[in-house]
Amino acid sequence: MTVKEAILKTLDDINGLTNYMDIYHHIVKKEYYDFKDAKTPTATISALLGDFIRNGDTRVKRIKESGGNYSYYLTKNEANIEIETL
Numbered sequence: 793m794t795v796k797e798a799i800l801k802t803l804d805d806i807n808g809l810t811n812y813m814d815i816y817h818h819i820v821k822k823e824y825y826d827f828k829d830a831k832t833p834t835a836t837i838s839a840l841l842g843d844f845i846r847n848g849d850t851r852v853k854r855i856k857e858s859g860g861n862y863s864y865y866l867t868k869n870e871a872n873i874e875i876e877t878l
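Counting in my numbering, the sequence shown runs from 793 upward without gaps.
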């Protein structure tokens, strides 16, 4: 499984809003991807999430939270998220 596939699987598992740190912890816990000797795995997750958005990948969406942080979710799970949040 690639890191991007692990991110998508994690977003599907969580089935709601989440941030890059929670995604990283979920990937490690479920052993979806082995970061081995990666020096900045959380930065990699954050960058790849940004790539989904910048590249127009409609599977992933994000919302801006207070403090300038972003929360991500799968488009197919949008119905499970409270409308006030979106």
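The beta carbon of each residue, even a glycine, is placed where N, CA and C say it ideally should be.
The structure presented is a predicted model; accordingly, all values stated were derived computationally and were not measured.
Residue environment for T850: exposed (fewer than 16 other C-beta atoms within 10 angstroms of its C-beta). Assigned with DSSP and collapsed to three states, L866 falls in strand.
Counting every other CB atom within 10 Å of its CB across the protein chains shown gives A798 a total of 16 or more, marking it as buried.
Under DSSP, the beta-bridge partners assigned to T810 are Y864. Here the alpha carbons of L800 and G842 stand approximately 13 Å from one another. Take L803, set aside five residues on each side of it, and the residues of its chain with a beta-carbon closer than 6 Å to its own are L866, in chain order.
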